[in-house]
Amino acid sequence: MRAQYILVDGLPIPFEEGQTIMQAAMVAEVFIPHLCHHPEFKPQGSCKLCTVKANGRYVSACTMPAKDGMEVENNSPDLNDKRRTMLQMLFVEGNHFCPSCEQSGNCRLQALAYELEMLTPHFNQFYPDRPLDASHPEVLLDFNRCILCELCVRASRDVDGKNVFALSGRGIGKHLIVNAESGRLADTAFSLADKAAHVCPVGVILEKRRGFAIPIGRRRYDLEPIGMQVEGQARRRSGEL
Amino acid sequence: MTEACLEAGRLDELLQPIVDAHHRDSRLLLQILREVQNALGYLPAVALTAIARAVNLPRARVEGVAGFYSFLHLTPVGRYRVLFSDNITDRMLGSVELMDRFCNRLWIERGKVSEDGLVSVETTSCTGMCDQGPALLVNGLALPRISAERIDRISELIRAQIPLADWPGEYFLVEDNIRRRDALLSVQWPAGEAIRAAIARGAEAMLVEMRLSNLRGRGGAGFTTHIKWESARRAACSGEQPARYVVCNADEGEPGTFKDRVLLNSYADLVFDGMTVAGITIGARNGLLYLRGEYASLLPALQANLMRRRLNGLLGTSLCGQADLAFDIEIHLGAGAYICGEETALLESLEGKRGVPRIRPPFPVSAGYLGQPTVVNNVETLCKAALIAVNGGPWFAGLGTKQSTGTKLLSISGDVERPGIYDYPFGVSVAQVLNDCGAGHAQAVQVSGPSGSCLATHEFSRRIAFEDVPTAGAFMVFGAHRDMFEVARNFAHFFAHESCGFCTPCRVGTALVANCMEKIANGHGSQYDINEIFKIHRLLHAASHCGLGQSACNALFDTLHKFRPAYERRLRSLDFEPAFDLDQALAAARQMTGRDDPAAHFRLGPGTGVEP
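Chains A and B supply the protein sequences, listed in that same order.
Residue numbering for the first sequence follows the numbering used here, starting at 327 and increasing by one per position.
Residue numbering for the second sequence follows the numbering used here, starting at 91 and increasing by one per position.
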């Protein structure tokens, strides 16, 4: 049987039966912007940053199964414009002040904002009131930066088997909660060794006393933009760079 | 009930019978939470912990579910909890003024509990009483036709702490208001007629009749019913408890719709017959009816009806005397979440989870309730299926139009002389409907609710049918004197309130649009804001996870195109206008410094030194 391909912006990408557009693109090192997706966890399709056009229809690349011959529009002005607007929505929904954030340079939200040339938050800020939780001896929770990607929820449930995190509320009031009657992380089974402690794409789950061990300017996305990190490898391998 | 009364022993005493009655089944979490709240007044943190332990779920998961539904409360509410229905039709009948009057009478503030814990007041999304509004809910029970006199009387009853059971019965009287009967509403069969007809036909023949009828779903999307039934019948069951399910979607939340309320009130046997026919046809033994929380007052009669049917052999084992047939029906109550009308969100809610729409595919016909093949049909669709079982597919196909067979119930409200339920063959023109219901000078009709379309006078010759103007049944009429901006503003707030918050564009976008509409309403808007609404509309349409987000700006889009002057007369300028008032921003500084001289003000314009 011949191999099956999807065409992403005209580039043929092979896939295996059952793979999503995102999974095929990740294997092929083609960059589709995303925040809630993580190759180790079940796709959930909530951030919508990976919205692409498959055979003319807008779909989430992380949940849409690839089909042979499917034409996928990914890196286009229309899609990047929509992604930029959704990034701006995420920025104004929470309290994101990059210069004072100890995840600056390691933050995927910030990295995508640079990648997609988001110059301002554009919308009026919501300025939600989200108190910190510093109760845990090893980890600080700064809910101000939560983008509700549920990676910590999935990691704690599916890998750690602890269900430390969950979402409550609805609509713009949706928020992250922890598994304790007191509402404090210290009263949960959470530990720094958990997978959930290391999957936050932004700056909510922070290891204490480590904040600036690597100075800003020398961090992951300071060194190379996020899209280049994915696609650069592919180009380096094919000898273009 | 205060936290102090809730020492562990007493809490257990209250909780045990409730969780035991639900077999400590985590799938019944929403039902358990509802009943615990009925016993305690709200859901205190200790109760959530105890419930989580009883049903063996992580506590955070239980809190997540409790925090999702509008009718569940994690903080204390008044012993009398009063919710004013906030659909535009309620507002047109004076609900805003009536709520103010009520708050003034009782010296309370909206959204806050009175200091003695006696009463709290809020608004809620459309309660499905638009034909007899304005309406409110007191502790979950509906009171239609609220007037100023009634508000005064209700305030007295609450102040005197009279139990709801002792309030005048007529306050709770909900009329059917059936104004036009056709194929559906003229049915007067005994219970079980359709079941016996379906059994006589046999499942395969019943599917053929369904195909010939070309019945399409009455919940709005218009998907062909026989394809759903056939797919579910052919789909493989899986797992330890293989089964098929029939789910009746009675979460009638679309503002302006109330046909299911009437069907469940006066045609319940036809609904249950339809569910049973579906069960026989697809090979399901279990039916679930998801009843919206706002219709809780219908529950006792529906439960009594189910008991009666079990006694008469119309439910349970040996259905209608057939030893190989069995079917039973359970009713689940919702708790105030419009999104649960979306079929996969409804399934999540039935499984005791947050009502978040699932990723599709897989579709419910192959993996629905508990991952099993499931048919989810609207109340009206199931009634039509019962009709087809008795009268046959060709008879049904002879009604209506080619692509839209049969009749459609319209829920008519707004500026009309005779609001209520109208049963029409598909293909009827909007003008005909308007004429029949006595709409004198209509300038617009919102068809199929806020997520539907807004028609202006030049479109009244269009027809109600899937091929022209599709509808789930809402038909809200706006007279020439109404302000269409206020209509759109009400809808914008509705969607912001009801967004489940799962995906970024809908969660944030609906809130941004509601804020934009407030800015325009407050006289700070400009052309810029209108462009913003269009931009967010395009994004929501393209990138939202489900139909709620995709259609959340439809009404704004329509009204902006067809009633633009209603917006433009509110704009301060047709160019950019800042969202805030610079002079107003100095008010706090003026107050602190005790100044009010001209130099302490910031004014734009000639002679002030600051040019606009």
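Every residue, glycine too, gets a C-beta built ideally from N, C-alpha and C.
Quiz item: Quick one: what's got a C-beta closer than 6 Å to B/E557's C-beta in the same chain, skipping five residues either side?
Solution: Sequence index remark: in the second sequence, residue 557 of chain B carries index 467 (1-based). Around B/E557: Q493.
Self-check item: Rounded straight-line distance, which links the Cα of B/A273 to that of B/F516
Solution: Position 426 of the second sequence, counting from 1, holds the residue named residue 516 of chain B. Position 183 of the second sequence, counting from 1, holds the residue named residue 273 of chain B. Cα-Cα distance, rounded: 11 Å.
Quiz prompt | C-alpha distance - B/T139 paired with A/A506, whole-angstrom precision | solution = Looking up residue 139 of chain B in the second sequence gives position 49. Looking up residue 506 of chain A in the first sequence gives position 180. Approximately 8 Å between the Cα atoms of the pair.
Exercise. Go through its chain and collect everything with a Cβ distance to B/E320's Cβ below 7 Å, but skip five positions before and after it.
Key: As a first step, residue 320 of chain B is located in the second sequence; it is residue number 230 there, counting from the start. Only L297 meet the Cβ criterion.
Quiz prompt | Range of the contiguous alpha helix (DSSP H) that encloses A/Y440 | solution = Position 114 of the first sequence holds residue 440 of chain A. For A/Y440, the uninterrupted alpha helix (DSSP H) segment begins and ends at R434 to E441.
Quiz prompt | Exposed unless 16 or more other CB atoms sit within 10 angstroms - verdict on B/M397 | solution = If you number the second sequence from 1, residue 397 of chain B lands on position 307. B/M397 should be labelled exposed.
Self-check item: B/T165 versus A/V385: straight-line alpha-carbon distance, rounded
Solution: The count along the second sequence starts at 1 and reaches residue 165 of chain B at position 75. The count along the first sequence starts at 1 and reaches residue 385 of chain A at position 59. If I take the Cα positions, the gap works out to 39 Å.
Quiz item: What residues match up with B/E212 in a beta bridge as DSSP calls it?
Solution: To locate residue 212 of chain B, count along the second sequence from 1; it is residue 122. B/L173.
Practice problem: Please state whether DSSP places A/K379 in a helix, a strand or coil. | Solution: Residue mapping note: residue 379 of chain A aligns to position 53 of the first sequence, counting from 1. A/K379: strand per DSSP, three-state reduction.
Quiz prompt | Delimiting residues of the alpha helix (DSSP H) encompassing B/H651 | solution = Here residue 651 of chain B refers to the residue found at position 561 when the second sequence is read from its first residue. It spans N644 to K652 - the alpha helix (DSSP H) in which B/H651 sits, taken as one unbroken run.
Exercise. Tell me whether A/Y453 is buried or exposed, calling it buried when 16 or more other Cβ atoms sit within 10 Å of its Cβ.
Key: Counting from one through the first sequence, the residue named residue 453 of chain A turns up at place 127. So A/Y453 ends up on the exposed side.
Quiz item: So A/G495 and A/E428 are in contact, right, with Cβ under 8 Å, and what is the actual spacing, rounded?
Solution: The residue given as residue 495 of chain A occupies position 169 in the first sequence. The residue given as residue 428 of chain A occupies position 102 in the first sequence. About 26 Å separates the two Cβ atoms, so there is no contact after all.
Exercise. Leaving aside the five residues before and after A/P365 along the sequence, list all residues of the same chain whose C-beta is less than 8 Å from its C-beta, in chain order.
Key: Translated into positions along the first sequence, residue 365 of chain A becomes position 39. Around A/P365: Q349 and M352.
Quiz prompt | Contact with chain B by A/A512, beta-carbon distance below 8 Å | solution = Residue numbering aside, residue 512 of chain A sits at position 186 when the first sequence is read from its first letter. By this cut-off, A/A512 is not an interface position.
Quiz prompt | B/H548 classed as buried or exposed, judged by whether at least 16 other C-beta atoms fall within 10 angstroms | solution = Translated into positions along the second sequence, residue 548 of chain B becomes position 458. Label assigned to B/H548: exposed.
Practice problem: Let me know the secondary structure DSSP gives B/V228 once reduced to three states. | Solution: Position 138 of the second sequence, counted from the first residue, corresponds to residue 228 of chain B. Here B/V228 sits in strand by DSSP.
Practice problem: Would you kindly check if the distance between the Cβ of B/Q533 and the Cβ of B/A570 is under 8 Å? | Solution: Indexing the second sequence from 1 puts residue 570 of chain B at position 480. Indexing the second sequence from 1 puts residue 533 of chain B at position 443. Contact: yes.
Exercise. Please confirm if B/G599 has its CB atom under 8 Å from at least one CB of chain A.
Key: For the purposes of this step, residue 599 of chain B is identified with residue 509 of the second sequence, where counting begins at 1. So yes, B/G599 belongs to the interface.
Exercise. Specify the secondary structure class of B/F692 as computed by DSSP and reduced to three states.
Key: Translated into positions along the second sequence, residue 692 of chain B becomes position 602. Correct three-state label for B/F692: coil.
Self-check item: Limits of the unbroken beta strand (DSSP E) element including B/N376
Solution: Position 286 of the second sequence, counted from the start, is the residue given in the question as residue 376 of chain B. Counting along the chain, the beta strand (DSSP E) containing B/N376 begins and ends at N376 to L381.
Quiz item: Does the distance from the CB of B/T179 to the CB of B/M574 come in under 8 Å?
Solution: As a position in the second sequence, residue 179 of chain B is number 89, starting the count at 1. As a position in the second sequence, residue 574 of chain B is number 484, starting the count at 1. Result no, Cβ atoms of B/T179 and B/M574 do not sit closer than 8 Å.
Self-check item: Limits of the unbroken beta strand (DSSP E) element including A/P340
Solution: The residue given as residue 340 of chain A occupies position 14 in the first sequence. Per DSSP, A/P340 belongs to the beta strand (DSSP E) from L337 to F341.
Practice problem: Determine the extent of the beta strand (DSSP E) in which B/D418 is found, giving its start and end residues. | Solution: In the second sequence, counting from the first residue as 1, residue 418 of chain B sits at position 328. Counting along the chain, the beta strand (DSSP E) containing B/D418 begins and ends at Q412 to L423.
Quiz item: Would you call A/T446 buried or exposed, if buried means 16 or more other Cβ atoms sit within 10 Å of its Cβ?
Solution: In the first sequence, residue 446 of chain A corresponds to position 120, counting from 1. With fewer than 16 Cβ atoms within 10 Å of its Cβ, A/T446 is classed as exposed.
Quiz item: Secondary structure at B/K498, three-state DSSP: helix, strand or coil?
Solution: Here residue 498 of chain B corresponds to residue number 408 of the second sequence, with the count starting at 1. DSSP, read as helix, strand or coil, puts B/K498 in strand.
Quiz prompt | Which of helix, strand or coil DSSP assigns to B/F575 | solution = The residue labelled residue 575 of chain B in the question sits at position 485 within the second sequence. Secondary structure at B/F575: helix, using DSSP grouped into helix, strand and coil.
Quiz item: With a cut-off of 8 Å, does the C-beta of A/Y453 fall near any C-beta of chain B?
Solution: What you label residue 453 of chain A is simply residue 127 of the first sequence in a count that begins at 1. The beta-carbon of A/Y453 is placed no less than 8 Å from the nearest beta-carbon of chain B.
Exercise. Taking A/S482 and A/A522 to be in contact with their CB atoms under 8 Å, please state how far apart those CB atoms are, rounded to whole angstroms.
Key: The residue you call residue 482 of chain A lines up with position 156 of the first sequence. The residue you call residue 522 of chain A lines up with position 196 of the first sequence. Between A/S482 and A/A522 a beta carbon distance of about 4 Å is seen, short of the 8 Å cut, so the two are scored as contacting.
Quiz item: If you draw a straight line from the alpha carbon of A/D459 to that of B/A601, how long is it in whole angstroms?
Solution: As a first step, residue 459 of chain A is located in the first sequence; it is residue number 133 there, counting from the start. As a first step, residue 601 of chain B is located in the second sequence; it is residue number 511 there, counting from the start. Taking the straight line joining both Cα atoms gives about 27 Å.
Quiz item: Helix or strand or just coil, what does DSSP make of B/S328?
Solution: For the purposes of this step, residue 328 of chain B is taken as the residue at position 238 of the second sequence. Reduced to three states, the DSSP call for B/S328 is coil.
Quiz prompt | Contact residues within the segment 490–513 of chain A, judged by C-beta distance below 9 Å to chain B | solution = V490, F491, A492, L493, S494, G495, R496, G497, I498, G499, K500, H501, I503, V504, N505, A506, E507, S508 and G509
Quiz item: CB-CB under 6 Å to B/R169, same chain, minus the five flanking residues each way: which ones, in chain order?
Solution: Working through the second sequence from its first residue, we reach residue 169 of chain B at position 79. Closer than 6 Å at the Cβ level, and outside the excluded window around B/R169, lie L208.
Quiz item: Does DSSP put B/T600 in a helix, in a strand, or in coil?
Solution: Within the second sequence, the letter at position 510 stands for residue 600 of chain B. In the three-state reduction of the DSSP assignment, B/T600 falls in the helix class, which pools H, G and I.
Quiz item: Which partner residues does B/I108 have in the DSSP bridge list?
Solution: Numbered from its first residue, the second sequence carries residue 108 of chain B at position 18. For B/I108, DSSP records no beta bridge to any residue.
Quiz item: Is B/I554 helix, strand or coil when you go by DSSP?
Solution: As a position in the second sequence, residue 554 of chain B is number 464, starting the count at 1. Secondary structure of B/I554 (DSSP, three-state): strand.
Quiz item: B/A250 by DSSP, collapsed to three states: which one?
Solution: Locating residue 250 of chain B in the second sequence gives position 160, where the first residue counts as 1. Coil.
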